[in-house]
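Per numbering that gives the first Met the number 0, residue 0 is the first one in the sequence shown, and the count goes up by one each step.
Note that the Cβ used here is the ideal one computed from N, Cα and C, for glycine as well.
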Amino acid sequence: MAIGEDDPWTRFNVLKLSVHQSSQISDRTSNIISKLTSVAGAGEKPALVCLTAKSRAASKLISIVEIARRELQTRHVRCYQYNVLTSELVHVPRDPKKQACDDHVNGDEQSDESDAAFETMGAPVGDTKKRSVPLMTVYLSQQPVRELRNQYG
0 MAIGEDDPWT
10 RFNVLKLSVH
20 QSSQISDRTS
30 NIISKLTSVA
40 GAGEKPALVC
50 LTAKSRAASK
60 LISIVEIARR
70 ELQTRHVRCY
80 QYNVLTSELV
90 HVPRDPKKQA
100 CDDHVNGDEQ
110 SDESDAAFET
120 MGAPVGDTKK
130 RSVPLMTVYL
140 SQQPVRELRN
150 QYG
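Printed below as a string of structure tokens:
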């Protein structure tokens, strides 16, 4: 479920953050804490922080969320967390395969006869292959989000 302009998501002031392997933990945690501790004035929407990371940076995402939650707990700020695991289709470049040698290692004539019965396959079509990469998303909010609870538990 992506956050778009659907009715439930218009109720929140959404901050989308992406976590990479090169992301600084302290920068992300300070962004989360400042967003969730800021007091919403009259007529302002409550904050909802959306953090996403691919599989390689998932451990960093978990560390960021845990540090932020502990800091929010020391400040007596209530925090609701919703975790989502999905996948994303990514095109990955193909590895060059080693080509079979045309030279016979043993010089065996019997292998020549058996090789003639088989036809080698051509190169795979395209320079890339499709892979499904895991994607972790964590939503943090000061208020319970009914839509996320119904969708993800």
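Exposure of residue i, with buried meaning 16 or more beta-carbon neighbours within 10 Å
i, result
"GLN98", "Bear in mind that a pLDDT of 41 at GLN98, under 50, signals an unreliable position, so the number given afterwards is only what the model happens to contain. GLN98 is exposed by the Cβ-count criterion."
"MET135", "buried"
"LEU84", "exposed"
"SER58", "exposed"
"LEU16", "buried"
"VAL124", "exposed"
Chain-order list of residues whose beta-carbon lies under 6 angstroms from that of residue i (same chain, five-residue window excluded)
i, result
"TYR81", "TYR138, LEU147 and TYR151"
"TYR79", "SER140 and PRO143"
"ILE63", "ILE24, ARG27 and THR28"
"ALA46", "ASN12, LYS34 and LEU35"
Supposed contact pair residue j and residue i - C-beta distance, whole angstroms, cut 8 angstroms
i, j, result
"VAL18", "ALA52", "4 angstroms"
Cβ shell of residue i (< 7 angstroms), same chain only, five flanking positions each side left out
i, result
"ILE32", "ALA67, GLU70 and LEU71"
"ARG74", "THR36"
"LYS44", "ARG10, PHE11 and ASN12"
"ARG55", "GLN20"
"LYS128", "VAL91 and ARG93"
"GLY42", "none"
Of the listed residues the options, nearest to residue i (C-alpha basis)
i, options, result
"SER210", "LEU60, CYS49, PRO45 and VAL91", "There is no way to answer for residue 210, as the model of the chain reaches only from 0 to 152."
"VAL89", "VAL132, GLU65, VAL83 and VAL64", "VAL132"
"GLU87", "ARG130, GLY42 and GLN141", "ARG130"
"VAL76", "ASN149, MET120, VAL38 and ARG145", "VAL38"
"VAL48", "PRO95, ASN149, ASN30 and MET120", "ASN30"
"LEU50", "ASN149, GLU65 and ALA41", "GLU65"
Residues near residue i in its chain [Cβ-Cβ closer than 8 angstroms; skip 5 each side]
i, result
"ASP126", "PRO92 and ARG93"
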